[in-house]
Each structure stands twice: as structure tokens, then as C-alpha cells.
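Trainee: Here the sequence shown is numbered in our numbering, starting from 257 and rising by one per residue. The beta carbon of each residue, even a glycine, is placed where N, CA and C say it ideally should be. Quick caveat, the model's predicted, so the values are computed rather than measured.
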Amino acid sequence: MTMPQSSAATRTNLPVVADEIFRLMSAAKPYGRREAFALLRSLSPRRRMTLPETARLLATEDPMVWETAAVVARAVKEEVFGRRIVLFAPLYLSNECSNNCLYCGFRRENREARRITLSAAQAVEEARHLERKGFHRILLVAGEHQGKTAVDYITGVIRAIYRETGMRILHVNAAPMPVESFRALKEAGAGVYQCFQETYDPETYAMMHPSGAKADYAWRLTCMDRAISAGFGDVGTGALLGLNDYKFEVLSVIRHAEALYEAYGAFPHTISVPRFKRAFGAPITVAPFPVSDSEFERVVVAYRLAVPSAGVVVSTREPAALRERSLDIGASQISAGSKTDPGGYGDGVRRHESEQFEVDDTRPIEEIVRAVLRKGYIPSLCTSCYRRHRTGDTFTEMALDGHIRDYCLPNALLTLAEYAVGTADADLKRRCLDAVEAGRRDLGDSALRPEFDRKLAVVLAGGSDEHF
Ligand code: SF4
Numbered sequence: 257m258t259m260p261q262s263s264a265a266t267r268t269n270l271p272v273v274a275d276e277i278f279r280l281m282s283a284a285k286p287y288g289r290r291e292a293f294a295l296l297r298s299l300s301p302r303r304r305m306t307l308p309e310t311a312r313l314l315a316t317e318d319p320m321v322w323e324t325a326a327v328v329a330r331a332v333k334e335e336v337f338g339r340r341i342v343l344f345a346p347l348y349l350s351n352e353c354s355n356n357c358l359y360c361g362f363r364r365e366n367r368e369a370r371r372i373t374l375s376a377a378q379a380v381e382e383a384r385h386l387e388r389k390g391f392h393r394i395l396l397v398a399g400e401h402q403g404k405t406a407v408d409y410i411t412g413v414i415r416a417i418y419r420e421t422g423m424r425i426l427h428v429n430a431a432p433m434p435v436e437s438f439r440a441l442k443e444a445g446a447g448v449y450q451c452f453q454e455t456y457d458p459e460t461y462a463m464m465h466p467s468g469a470k471a472d473y474a475w476r477l478t479c480m481d482r483a484i485s486a487g488f489g490d491v492g493t494g495a496l497l498g499l500n501d502y503k504f505e506v507l508s509v510i511r512h513a514e515a516l517y518e519a520y521g522a523f524p525h526t527i528s529v530p531r532f533k534r535a536f537g538a539p540i541t542v543a544p545f546p547v548s549d550s551e552f553e554r555v556v557v558a559y560r561l562a563v564p565s566a567g568v569v570v571s572t573r574e575p576a577a578l579r580e581r582s583l584d585i586g587a588s589q590i591s592a593g594s595k596t597d598p599g600g601y602g603d604g605v606r607r608h609e610s611e612q613f614e615v616d617d618t619r620p621i622e623e624i625v626r627a628v629l630r631k632g633y634i635p636s637l638c639t640s641c642y643r644r645h646r647t648g649d650t651f652t653e654m655a656l657d658g659h660i661r662d663y664c665l666p667n668a669l670l671t672l673a674e675y676a677v678g679t680a681d682a683d684l685k686r687r688c689l690d691a692v693e694a695g696r697r698d699l700g701d702s703a704l705r706p707e708f709d710r711k712l713a714v715v716l717a718g719g720s721d722e723h724f
């Protein structure tokens, strides 16, 4: 198997070489219990699981090894981020796309799709809806269409939302673009740039993406290099699980993360774990390489242990029970109350013919907040690091040293208190405020405590956006 030629100069120099990953997989000997436990005991945020170790762990079937790995993954996550779980929502701007991905409802040849591209004013309305629900960060998502979703359109939407709502940070999931377009996106105030390679196997990639700009594997693989050189400290990666052998994809994502770290000193800010879902009007209706729930859990564990500083993101593609389980084994961010059809929040009507894929966990944010609290975690609507310059290599270093969590807890509590003040649901308000009080005690005699108490009083009196 050969790599396609790069269509762009890159400092990471197309690191994900399929042959290398396949070789690693075929040489990977499953761990015996004793060896596995020795490895797992040694892991920490600073002592991440290496690529060969990950390959061996993924080759191991022993359930007891995986149970222990899950416990270690949770401990590593809590060393990095504490008990907070970040909540966010996607805002789909457009389902126009000139690509033809075989698994996606937005594909050009889906004649049954009802095409929608939100105007900036409509996007603002959607953002207002999410803001009323309590969200302060949203992920803007757009298909790839030169005429409809070019960078000027996206920057126009970003500026309008910042100008006309109280939204605090806007992340962007959009097609790969040249450096100057990334620069424009960054100047408009985008936080994280997110783009999934979908599959890192060039042959599967070519089959799944038969036409359109997305057919260029190398252009996509190098997009993070361009985004970073345009000023994005934080990028988000991932593979769509189900298109190919999941072990290959997981190892490739980790290899990509390592290459970014080697080149720029920062691991990806997030790694998402999307699993194939049926999409209206897509020719492929079942995953060619189905990933079971227990394999999905292993993926979450592996990402956490191999890239401890990354936010591991589980979306509403997954069923509620699995999403909740994922919080116990390494996931640190979840979307909530998501709609994947442009304009879907405003009227509350689900339009299957406009969706990118079917959502499984349809619970509204209020129920997600309750579920996260029930599990003993702290729902967080924090956006502070992006606005306090804790990004890129600074973020990676602080996360691995255990300093980010010193900010995560107080910021999670302040945003949860703000959420509690804003909710009309008396029972939910009480539960949130109880959690804030318990978390406040956990702060103990932290250096931030006096300032935290002052900020909390401001929030409880109706103030907003208090953060560290
Ligand atoms: S303090 Fe930083 S890492 Fe922690 S939740 Fe807030 S933005 Fe995220």
C-alpha cells in the first residue's frame, strides 16, 4: 500500500503511513495479565501509553485487563481535568456539499435531501436558542461547498453570532482549507478547528470519497498543519469508526497526534470518537466494519491513555447508556440536545431528510445535566482556556502537569452556578446548587478559593461569565 503524494508542504510530513501501522498491528503480541498490569500501573498523564503499547493492548482480549485499563483511564482523566464534563452543542450551518462521501446524508448525489444553508441571521437565531438553553460554546458545522460555505460565509456567521449573542466561544468543523482561509477563520474568533480524517487507510479513503475536493487524502491529512501555521493553537481530530478496522484507525489517530506534538509541541485539543450511523439518502447503510459497544469502550480507553491531555469527545450518535459509561472510562466532553439538520433547533421539528446522520441520544440538555450530576461529575459550560490564552503547547504542558484541572473545577462550578440561576426548573436548580456547594468544599484551601468565593457570589446575584 502506498501513500498518495502530499499536495501541501507540511512539518508533520504525512506521518500516518498505513504500512507502518499495519506492520505494528501484525507484530503486536497480546499482553499477558502480569505484563498488562505492570504497564497500566506505570501510566499517568506524563507517562502516556506509546504507540506499540497501544497496539499490544488493542490486541489483548482479556476482559480483566480491559476493566483495569478503564479504571486507569478514568484516573488519568481525573488527574488531567478533575471531575468536570464539558457540555457543548453543534450548530449545523449548511447541508450543501460538493463531496460524495458514501456514508453521509449531505452528499451531493443525495437527490432526496432537503438542502438548507442558514443565513447569518438564521444562524444567530439558532445560537440564541442554544444560549437560552445555557450553552456558551458551540461547534459550527458546515458541509464543503465552494459557493455556499466558503470561508467568507463562515467568518460572516462567526462575527454575527459573537456580535449579536452572548456566545463565548465558537469552534468550527469545516472542510480543509488553505492557510490564508484558516487565518481568516482565526481572525474572526474561531476557537478549535476540527476536522476528521474519517479513515486513515488510503484505499478505504479513496473508496469512501469518490469525488469532490474531499477525494484528496493528503490535503485532508495535512489540514491541521495549515490550521496551526495560521494560528490555531487548538485542533480536533478523529476517525469515523466503522469504515475500516477500528484498531488501525485508533493507532493512526494516535500516530497523527504524536506527529502534531513532535512538530508543534501540542497534542490535538480534542479527539472525537464518532461511530458510523445510518444517514438518510446515503448508499452505505451499515458499517462495513461494525464496532461493537465494548470495542467502542476500548477506543475511548485507548485514546485517554495514549493522549492524556486531549478532550475525548462522545457525541449524541451514541445511545444514552453508552455515553454515560464513556464518562467513567476516559471521555471528558459530550454534546447535548444536538440537532444535525441546519435550523433544527429553532422549530424543534426533526427533519430526517436534512440530517447528516441519525442522533441516538435525543435527551435535552436538562436531562444530560441531571445524568452527569447523578454520576458524581460536574457538568461544565466553561470556555475559559480559549480566552485566557491557555491553548496549544501551553495547554498541553499545563494539562500533562496537572495544572489545567486547577482551573477546570472552579470554572465548572461557576458555569454550573450560572446555569442554575438561569434555569426555571426548581428541582434542577437545587441539584446544581448542591453540586456547586459540594465542589466548593472540594476546593479546600486552594489559592483560588478567596477569588472563587467572590466570583461565585457575583454569579449567584445574577452576574455572568465569571471565570479564571
Ligand atoms: S478550564 Fe480550560 S480545560 Fe478546563 S473546562 Fe475550562 S476551558 Fe476546558
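(1) Alpha carbon to alpha carbon, how far is V380 from A345? Give it in angstroms, no decimals.
(2) Quick check: the Cα distance between P319 and L296, rounded to an integer number of angstroms?
(3) Between the Cα of F278 and the Cα atoms of S375, A682, P308 and Y287, which residue gives the shortest distance?
(4) Return the residue from the list T310, G521, G390 and A283 that minimises the CA-CA distance to S720.
(5) Secondary structure at Q261, three-state DSSP: helix, strand or coil?
(6) Let me check understanding here. Comparing Cα to Cα, which of P706, L347, A627 and M305 lies closest to V332?
(7) How would you write the range of the beta strand (DSSP E) that A562 sits in, first residue to last?
(8) My understanding is that Q612 touches N429, with C-beta atoms under 8 Å, so please give their C-beta distance in whole angstroms.
(9) Just checking S591 against ligand 1 - is the residue's beta carbon closer than 7 Å to any of the ligand's heavy atoms?
(10) Looking at ligand 1, does it come within less than 7 Å of V342, judged from the CB to the closest heavy atom?
(11) Distance check for R302 and L656, CA to CA, integer angstroms please.
(12) Drop a sphere of 10 angstroms on the beta-carbon of V509, count the other beta-carbons inside from all chains shown, and report buried for 16 or more, exposed for fewer.
(13) Taking the beta strand (DSSP E) that G447 belongs to, which residues open and close that run?
(14) Suppose contacts are defined by Cβ-Cβ distances below 8 Å. Is A515 in contact with F523 by that definition?
(15) What is the rounded straight-line gap between the Cα of A627 and the Cα of Y601?
(16) Below 8 Å on the Cβ atoms is my guess for G599 versus E368; work out the distance and round it to an integer in Å.
(17) Look up V715 in the DSSP assignment and say whether it is helix, strand or coil.
(18) Taking buried to mean at least 16 other C-beta atoms within 10 Å of its own C-beta, is V542 buried or exposed?
(19) Nearest chain C C-beta to D549 closer than 8 Å, yes or no?
(20) Where does R630 land, buried or exposed, given buried means 16+ other C-beta within 10 angstroms?
(21) Give the secondary structure of P620 by DSSP, where H, G and I count as helix, E and B as strand, and everything else as coil.
(22) Which term fits S437, buried or exposed, when burial requires 16 or more other beta carbons within 10 angstroms of its beta carbon?
(23) Run through DSSP, which three-state label would Y348 get?
(24) If I measure Cβ to Cβ from A398 and keep anything under 7 Å in the same chain, skipping five residues before and after, which residues do I get?
(25) Hey, would you say the C-beta of S702 is under 7 Å away from at least one heavy atom of ligand 1?
(26) Quick check on G422: buried or exposed, where buried means 16 or more other Cβ atoms within 10 Å of its Cβ?
(27) Run through DSSP, which three-state label would L396 get?
(28) Have a look at L386 and G489 and give me their C-alpha separation to the nearest angstrom.
(29) I'd like to confirm something about R646: is its beta-carbon nearer than 7 Å to some heavy atom of ligand 1, or not?
(30) Note down the Cα distance separating D649 from A587, rounded to an integer number of angstroms.
(31) Using 8 Å as the threshold, is the C-beta distance between A566 and T526 below it?
(32) What is the rounded straight-line gap between the Cα of E737 and the Cα of R697?
(33) L299 and V328 look like a contact to me (Cβ under 8 Å); what is the Cβ gap, rounded to whole Å?
(34) Expressed to the nearest angstrom, what Euclidean distance is found between the alpha-carbon atoms of E454 and I624?
(35) Residue range of the alpha helix (DSSP H) that S298 falls in?
(36) Does the beta-carbon of A345, which I'm using as the reference point, lie nearer than 7 Å to any heavy atom of ligand 1?
Mentor: So, to answer that:
(1) Approximately 14 Å, taken between the alpha carbons.
(2) Approximately 14 Å, taken between the alpha carbons.
(3) In this structure, P308 is the residue among S375, A682, P308 and Y287 with its C-alpha nearest to the C-alpha of F278.
(4) When C-alpha distances from S720 are compared across T310, G521, G390 and A283, the shortest belongs to G390.
(5) Note that Q261 scores 37 on pLDDT, short of 50, meaning its location in the model is unreliable; the coordinates nonetheless yield the value given after this. Correct three-state label for Q261: coil.
(6) Nearest of P706, L347, A627 and M305 to V332, Cα basis: M305.
(7) Element bounds for A562: not the beta strand (DSSP E) but the alpha helix (DSSP H), D549 to A562.
(8) Actually they do not touch by this definition, with Cβ atoms about 11 Å apart.
(9) The answer is no for S591.
(10) Yes; taking the cut-off as 7 Å, the Cβ of V342 has a heavy atom of ligand 1 nearer than that.
(11) Rounded to whole angstroms, L656 to R302 spans 6 Å at the Cα level.
(12) Classification of V509: buried, given that the 10 Å Cβ count is 16 or more.
(13) Its beta strand (DSSP E) spans residues A446 to Q450.
(14) A515 is not a Cβ neighbour of F523, given a cutoff of 8 Å.
(15) The alpha-carbon atoms of A627 and Y601 are separated by roughly 22 Å.
(16) The pair is not a contact, with the Cβ atoms about 18 Å apart (cut-off 8 Å).
(17) Residue state, collapsed to three classes: helix.
(18) It is exposed - the Cβ of V542 has fewer than 16 other Cβ atoms within 10 Å.
(19) As a matter of chain content, chain C is missing from the structure shown, which is built from one protein chain.
(20) Burial call: exposed.
(21) Assigned with DSSP and collapsed to three states, P620 falls in coil, not helix or strand.
(22) Of the residues assessed, S437 falls on the buried side of the cut-off, its CB having 16 or more other CB atoms within 10 angstroms.
(23) Y348 falls in the strand class under three-state DSSP.
(24) Counting only residues of its own chain and dropping the five nearest sequence neighbours on each side, A398 has a CB closer than 7 Å to the CB of L349, S350, T405, I410 and A430.
(25) Taking 7 Å as the cut-off, one finds no heavy atom of ligand 1 near enough to the beta carbon of S702.
(26) Counting Cβ neighbours within 10 Å, G422 comes out exposed, since fewer than 16 surround it.
(27) Three-state result, L396: strand.
(28) When rounded, the separation of the alpha-carbon atoms in L386 and G489 is 26 Å.
(29) Correct: R646 has its Cβ closer than 7 Å to ligand 1.
(30) Looking at the backbone, the Cα of D649 and that of A587 are separated by about 21 Å.
(31) One thing to note: A566 has its Cβ within 8 Å of the Cβ of T526.
(32) What the structure shows of the chain is the stretch from 257 to 724, and residue 737 is not part of that stretch, so it cannot be assessed.
(33) Yes, they are in contact, since the Cβ atoms of L299 and V328 sit about 6 Å apart, within 8 Å.
(34) Distance from the CA atom of E454 to the CA atom of I624, rounded to whole angstroms, is 27 Å.
(35) Residues R289 to S298.
(36) Checking the Cβ of A345 against ligand 1 gives no.
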